[in-house]
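Written below as C-alpha cells is the structure these notes are about.
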Amino acid sequence: AKVAPMLQIHHPLPTSSPSKWMDTGKGPTQYLPSQSQILKWITDGKVLENLEIPYLDLSNQVWEAPFYLENCRIGTLRAQGAIFKKEVRWNKCRIQNINFGKQDLSGDRKITLFEGAFRLNNVEIEEKADFQNCQFLGPIGWSYVNTPEKTVITFFGADFKRGMGVRSSKLGNLDLREATFFHTLYWDNLELFGPCNGWKTNFGGKVSMDSSTFHNKFLVLNSKFEKEVSVLNCTFSQIGYWGESQFLEKAEFLENRFLSEALFQGSHFHKNCIFASIFKGEVYFRKGCFQGLLDFSTSIFESKLSLEGIQLEGKIRFSPIQVLSLKTHWKDLESHLLVKDTQDYALQMEEYSFLKEAFQKEKKYIDMDKAYLAYRRARRKVISQEGILGKVQAGMEILLLDFTSGYGILPFRLALSALVIIISFSLLFFFCFSHAIHHI
C-alpha cells in the first residue's frame with residue numbers, strides 16, 4: 006500500500022537516524038517494521054517515533070499500555086472496537102485517514118472505548134477522522150490540529166464523559182450530531198472552514214467558545230444546553246442557527262460578529278440571555294420563549310430583528326441599541342420592559358424613544374403612538390425633577406394631557422387634544438370676559 010502525498014508540516018521527519026533508515030542506493034529510505042513488530046511495541050508501551058506506516062490496524066483489541074505516537078506519518082489508522090486502557094497521545098504526526106468509529110452497533114459489534122485521556126498536539130489529518138459512536142471516558146485535549154478545508158471529522162453519536170478542549174486549531178467539517186457531552190466543551194482560537202453540525206446534541210457541561218472563526222454554516226439545532234453557554238469574540242461568516250434548542254442556564258453572546266443570518270427561533274431560554282454583538286444579517290427569535298432577562302443592550306443590528314410571536318415570561322432590555330428594523334408589537338413588550346421597573350426616567354425616555362422610532366420605521370403607528378405616550382410620561386417625570394418650574398410644567402401636563410387625551414400622536418388624539426385646548430381657552434376667555442363685564 007502507498008501513502009498518499011502528505012501535507013507540509015513544521016516538524017519534518019529526520020533523515021539521519023541510523024536505526025530507522027537504510028541505504029538502497031537511491032538515497033535514504035525509511036525502515037518499515039512489520040505490523041506484528043509495531044503491535045508488539047504498542048503492547049509493551051513503547052513510543053512509536055519517526056516512523057512512516059502505510060497501514061495500522063488496532064481494531065477489536067484491548068490495549069493495556071499507553072498509545073504514544075511521536076513524529077510519525079501514517080496512511081490509514083484503524084481501531085474499530087478497540088479499548089484503550091491508558092492515555093492516547095499523538096505529537097507532531099501526519100495521518101491520512103483515522104477510522105475509529107462504527108455506524109452499525111447491532112449484534113456483537115463493539116464500540117471504540119478511550120478509558121484514558123486522548124491528546125493531540127501538532128497533528129495534521131488529511132482526509133477524514135471517524136470517531137462515530139466512540140466513548141471517551143477521559144478528557145480530550147487537542148491543540149494545533151490542522152486539516153484541509155474538506156476534511157471531515159465526525160463524532161456522530163459519541164459520548165464524552167469528561168471535558169473536551171480544542172485550541173489553536175484549523176479544521177474542515179465538524180460533525181457533532183447526536184453526541185453527548187457530560188462535561189465542559191471549550192473551543193479557543195478555533196478556525197473552522199467547513200460546516201459545524203450539532204443536531205440533537207446534548208451539552209451537559211458548560212459550553213465556551215472564545216476567539217474562534219466559523220467560515221461556513223454553524224448549525225446547532227434541536228439541542229440541549231444544561232449549563233452556561235458563553236460565546237465570546239467569535240465570527241460567524243455564514244448562517245448561525247441555534248434554533249429549536251433548550252438553554253437551561255445563562256447564555257451570553259458577547260462581542261461577536263454575525264456576518265449573515267442568525268436564527269434563534271423556537272428556542273427556549275430558561276434563564277438570562279445576553280446578546281451584545283454585531284449582527285449584520287437578519288436576526289430571528291420568532292416563537293422563542295424567554296423566562297429570564299432578554300438583554301439586547303449594546304448590540305448593533307444592521308438589518309432586521311424579528312421578535313414576532315415570542316413568549317416573554319421575564320424582562321427585556323433594549324437601551325442602548327442600534328437596529329435598522331424591529332419586528333414586534335408594543336403589547337408583547339410593554340409589561341416586560343426592564344426599564345419600566347426602574348426609577349431611572351432618563352433611561353426610560355431613551356428606550357421608549359428607540360421603540361417609537363422603530364415602530365415608525367415599520368409604519369406601525371398605533372404601536373408608535375403608545376411608545377410615544379410612554380416616552381412623554383417618562384420625560385414629564387424628568388422635568389419634574391428640575392426645580393419649581395419643572396414641577397409646575399409637569400403638573401400642567403398631568404391636568405391637561407394625562408387626564409384627558411394623553412400625549413399621543415394619532416389623529417384622534419391630536420383632535421382630542423386640540424378640542425381640550427380650545428375648550429380650556431374658551432372657558433378662560435369666558436371667565437375673563439365675565440369678570441370684566443362685572444366691573445363695568
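So the sequence shown is numbered by the working numbering: it starts at 6 and just counts up by one.
Yeah, the Cβ is synthetic: ideal placement off N, Cα and C, and Gly gets one too.
Inter-residue spacing [alpha-carbon to alpha-carbon] between residue i and residue j
{"i": "K133", "j": "Y246", "result": "25 Å"}
{"i": "A379", "j": "Q365", "result": "15 Å"}
{"i": "K276", "j": "N178", "result": "31 Å"}
{"i": "G121", "j": "I130", "result": "22 Å"}
{"i": "Q108", "j": "L237", "result": "34 Å"}
{"i": "D62", "j": "F208", "result": "32 Å"}
{"i": "N202", "j": "A256", "result": "19 Å"}
{"i": "V150", "j": "H273", "result": "34 Å"}
{"i": "S304", "j": "A376", "result": "21 Å"}
{"i": "T48", "j": "E196", "result": "36 Å"}
{"i": "V328", "j": "E231", "result": "31 Å"}
{"i": "D180", "j": "D337", "result": "38 Å"}
{"i": "K309", "j": "E266", "result": "10 Å"}
{"i": "S340", "j": "K90", "result": "58 Å"}
{"i": "C77", "j": "G146", "result": "19 Å"}
{"i": "V425", "j": "L432", "result": "11 Å"}
{"i": "D193", "j": "E318", "result": "34 Å"}
{"i": "P59", "j": "K229", "result": "41 Å"}
{"i": "G286", "j": "L343", "result": "26 Å"}
{"i": "F359", "j": "E367", "result": "13 Å"}
{"i": "G210", "j": "S235", "result": "12 Å"}
{"i": "V52", "j": "A184", "result": "31 Å"}
{"i": "S439", "j": "I388", "result": "35 Å"}
{"i": "G297", "j": "N261", "result": "22 Å"}
{"i": "L44", "j": "V67", "result": "12 Å"}
{"i": "F435", "j": "I393", "result": "29 Å"}
{"i": "S39", "j": "I79", "result": "14 Å"}
{"i": "R4", "j": "A163", "result": "As shown, the chain starts at 6 and ends at 445. That puts residue 4 outside it, with no answer to give."}
{"i": "P23", "j": "T117", "result": "In this prediction, P23 has a pLDDT of 30, which is less than 50 and means its spatial position is unreliable; nothing more can be read from the coordinates."}
Cβ-Cβ separation, residue j to residue i (assumed contact under 8 Å), whole Å
{"i": "F219", "j": "F241", "result": "5 Å"}
{"i": "V225", "j": "L190", "result": "So it is not a contact: roughly 11 Å between Cβ atoms."}
{"i": "D372", "j": "H334", "result": "6 Å"}
{"i": "K166", "j": "H188", "result": "7 Å"}
{"i": "F290", "j": "F269", "result": "5 Å"}
{"i": "F119", "j": "F141", "result": "5 Å"}
{"i": "L37", "j": "E54", "result": "That pair is no contact at about 14 Å."}
{"i": "E249", "j": "N227", "result": "5 Å"}
{"i": "L299", "j": "C278", "result": "6 Å"}
{"i": "E154", "j": "G86", "result": "Not really, about 31 Å apart at Cβ, beyond 8 Å."}
{"i": "V93", "j": "F136", "result": "Contact doesn't hold; Cβ gap of about 12 Å is too wide."}
Residue i, DSSP secondary structure in three states
{"i": "V171", "result": "strand"}
{"i": "T218", "result": "strand"}
{"i": "R451", "result": "Absent from the model: residue 451. The displayed extent of the chain is 6 to 445, so no value can be given."}
{"i": "C139", "result": "coil"}
{"i": "T303", "result": "coil"}
{"i": "I116", "result": "coil"}
{"i": "W82", "result": "The sequence given here has Leu at residue 82, not Trp. In the structure shown, L82 sits in a strand (DSSP, three-state: E or B)."}
{"i": "K107", "result": "coil"}
{"i": "L179", "result": "strand"}
{"i": "T48", "result": "helix"}
{"i": "L298", "result": "coil"}
{"i": "C77", "result": "coil"}
{"i": "C437", "result": "helix"}
{"i": "S308", "result": "strand"}
{"i": "V225", "result": "coil"}
{"i": "N65", "result": "coil"}
{"i": "I100", "result": "strand"}
{"i": "L37", "result": "coil"}
{"i": "L56", "result": "coil"}
{"i": "F72", "result": "strand"}
{"i": "Q243", "result": "coil"}
{"i": "E233", "result": "coil"}
{"i": "S429", "result": "helix"}
{"i": "E355", "result": "helix"}
{"i": "Q390", "result": "coil"}
{"i": "I315", "result": "coil"}
{"i": "L125", "result": "strand"}
{"i": "L195", "result": "strand"}
{"i": "L253", "result": "coil"}
Distance cut-off 7 Å: residue i Cβ against heavy atoms of the ligand ADP
{"i": "A256", "result": "For the ligand ADP, the structure offers nothing, since it holds no ligand at all."}
May I ask you to verify whether the stretch 383-394 touches the stretch 349-358, counting CB pairs closer than 8 Å and requiring at least 3? At 8 Å Cβ cutoff, the stretches touch.
Go through the stretch 318-353 residue by residue and report every complete run of the beta strand (DSSP E) that reaches 3 residues or more, in order. Runs of the beta strand (DSSP E) inside the stretch 318-353: 327-332.
Okay, do the stretch 151-160 and the stretch 92-101 touch, 3+ Cβ pairs below 8 Å being the bar? Flag = no, the stretch 151-160 and the stretch 92-101 do not touch.
For the stretch 266-282 and the stretch 323-331, state whether three or more C-beta atom pairs, one from each stretch, are separated by less than 8 Å. The stretch 266-282 and the stretch 323-331 do not touch, with fewer than 3 CB-CB distances between them shorter than 8 Å.
Going residue by residue through the stretch 260-285, where are the continuous beta strand (DSSP E) segments of at least 3 residues, counting only ones entirely within it? Counting only runs of 3 or more, we get 278-284.
Alpha helix (DSSP H) runs wholly inside the stretch 361-385, at least 4 long, in chain order: DSSP assignment within the stretch 361-385 yields no whole alpha helix (DSSP H) run of 4 residues or more.
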